[in-house]
Amino acid sequence: MKAVSITEHGGPEVLQWVDVEDPTPAAGEVVIDVVASALNRADVMQRWGLYPLRPGWSPYPGLEVSGRIGAVGEGVTGWQVGDEVCALLTGGGYAQKVAVPAGQLLTIPKGVGLTEAAGLPEVTATVWSNIVMTARLKPGETILVHGGAGGVGTTAIQIAKALGARVVTTVGGPEKAARARELGADVAIDYRTEDFTAHGPYDVILDVVGGDYLERNVQSLAADGRLVVIGLQKGLDGRLDLAELVFKRASVHGTTLRTRSTQDKAEIVAEVQKHVWPMIEDGRVKPVVERTLSMADAAEGHRLMEAGGHLGKILLVNDEKNG
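Residues in the sequence shown are numbered from 1 upward in steps of one, following full-length UniProt numbering.
Have a look at this one:
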């Protein structure tokens, strides 16, 4: 098969479409004939060498795919060859085939195309696990979603709104602010000209930025507020006022989906299938796709993501399965 290989750490040009060995399913796994994958910020970090791989992880980027099951490993029940699925991965999605634990498979939501479904597993699992399973967002609470124009942000706005929360988000520019409001945000803040602290307090904050946002995030929390940090786009260091944290009875959580155990991921995927898929099927949550490119053009997708002008997901299609 072919896969996108990171030939060395560096810019998008290090991504090369090369011949590699086909995967085989271990016990409890299936192999998916990939129709499409999708970009995530972690893929860019991996390309730069800022996301060290753990033993057993695929060397190829890609944290989600859609496609058809091509092979089933020993002990797998409930799935068979030919089933159309999408899946949450630890890596390896930028390829024509990928092996994945059966517990990380999802059906294709009704009304969503097979290619489009490639952009759902990572963002829905990230959002649900963080704002519901970790931060316990409740109806009537106010949530601040940083980075509301990205894949996670556009999904978080919609899921939080569907849960009955008041949604505030930060975006870069008036056009993205308008789109965020269309997706359900009650308030869209242009972080280039406004300070998000002025619109608080917030019961929950979902932060993909990190760095010096930490201090202002904690300042903006309501009593018993919960801050969940899932991204480090502005760096690894931030100032934390412990007195403010203590007196507010607030909490700060740092989480990542990729390093969770196979069992944890299976539990999250089951929650997404049960709770988020109905939101998609009845139209409360819609996939947001910016561009669809050939998988062989993954470098162009990375350039678009790093430029920061996109809204929602960038998909990569396996032309062999789409042409």
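Using N, Cα and C, we set each Cβ at its ideal position, and we do this for glycine too.
Buried or exposed for residue i, please, with buried defined as at least 16 other CB atoms from any protein chain shown within 10 angstroms of its CB.
{"i": "Ala26", "result": "exposed"}
{"i": "Arg303", "result": "exposed"}
{"i": "Gly323", "result": "Because the pLDDT at Gly323 is just 38, under 50, the model does not fix this residue reliably, and the point stays unresolved."}
{"i": "Glu141", "result": "buried"}
{"i": "Gln263", "result": "exposed"}
{"i": "Ser58", "result": "buried"}
{"i": "Pro139", "result": "exposed"}
{"i": "Val246", "result": "exposed"}
Can you determine whether any heavy atom of the ligand SAM sits closer than 6 Å to the C-beta of residue i, and answer yes or no?
{"i": "Lys176", "result": "This structure lacks the ligand SAM, and indeed carries no ligand of any kind."}
Helix or strand or just coil, what does DSSP make of residue i?
{"i": "Thr142", "result": "strand"}
{"i": "Leu240", "result": "coil"}
{"i": "Gly323", "result": "Here Gly323 scores only 38 on pLDDT, less than 50, and its place in the model should not be relied on; the value that follows carries that caveat. Gly323 falls in the coil class under three-state DSSP."}
{"i": "Tyr202", "result": "strand"}
{"i": "Glu74", "result": "coil"}
{"i": "His275", "result": "helix"}
{"i": "Gln233", "result": "coil"}
{"i": "Ala36", "result": "strand"}
{"i": "Val218", "result": "helix"}
{"i": "Trp79", "result": "coil"}
{"i": "Leu315", "result": "strand"}
{"i": "Gly93", "result": "coil"}
Mind reading off the beta-carbon distance from residue i to residue j? Whole number of angstroms is fine, and I expect it under 8 Å.
{"i": "Gly173", "j": "Ala102", "result": "At roughly 42 Å, the Cβ-Cβ gap does not stay under 8 Å, so Gly173 and Ala102 are not in contact."}
{"i": "Thr259", "j": "Asn130", "result": "That pair is no contact at about 14 Å."}
{"i": "Ile32", "j": "Ile69", "result": "6 Å"}
{"i": "His275", "j": "Leu206", "result": "At roughly 17 Å, the Cβ-Cβ gap does not stay under 8 Å, so His275 and Leu206 are not in contact."}
{"i": "Gly62", "j": "Gly92", "result": "6 Å"}
{"i": "Gln96", "j": "Ala3", "result": "7 Å"}
{"i": "Glu64", "j": "Ala118", "result": "6 Å"}
{"i": "Ala177", "j": "Val168", "result": "Between Val168 and Ala177 the Cβ distance is about 11 Å, and since that is not below 8 Å, they are no contact."}
As a quick exercise: from the options, pick the residue whose alpha carbon is nearest that of residue i.
{"i": "Leu242", "options": "Arg68, Arg166, Asp22, Val218", "result": "Val218"}
{"i": "Ala87", "options": "Leu120, Leu240, Ala223, Gly113", "result": "Leu120"}
{"i": "Pro12", "options": "Asn318, Tyr191, Ala299, Glu320", "result": "Ala299"}
{"i": "Leu236", "options": "Asp19, Glu8, Tyr51, Val4", "result": "Tyr51"}
{"i": "Thr134", "options": "Val228, Pro23, Leu240, Gln233", "result": "Val228"}
{"i": "Asp195", "options": "Arg181, Asp203, Tyr213, Gly184", "result": "Tyr213"}
{"i": "Asp19", "options": "Val85, Leu316, Ala296", "result": "Ala296"}
{"i": "Glu281", "options": "Gly113, Val171, Arg179, Ala177", "result": "Gly113"}
Does chain D have any CB closer than 7 Å to the CB of residue i?
{"i": "Glu175", "result": "Looking for chain D here will not work: only one protein chain is present."}
Practice task
Check whether the region 37-50 touches the region 236-254, counting contact only when three or more Cβ pairs, one atom from each stretch, lie closer than 8 Å.
Solution key: no
Problem - Contact the region 120-135 vs the region 251-270: 3+ CB pairs below 8 Å - result: yes
Exercise for the section: Examine the Cβ distances between the region 70-78 and the region 107-120 and report whether three or more of them are shorter than 8 Å. Expected result: no
Handout entry: Touching by the beta-carbon criterion (3+ pairs, under 8 Å), the region 309-318 and the region 147-154
Key = yes
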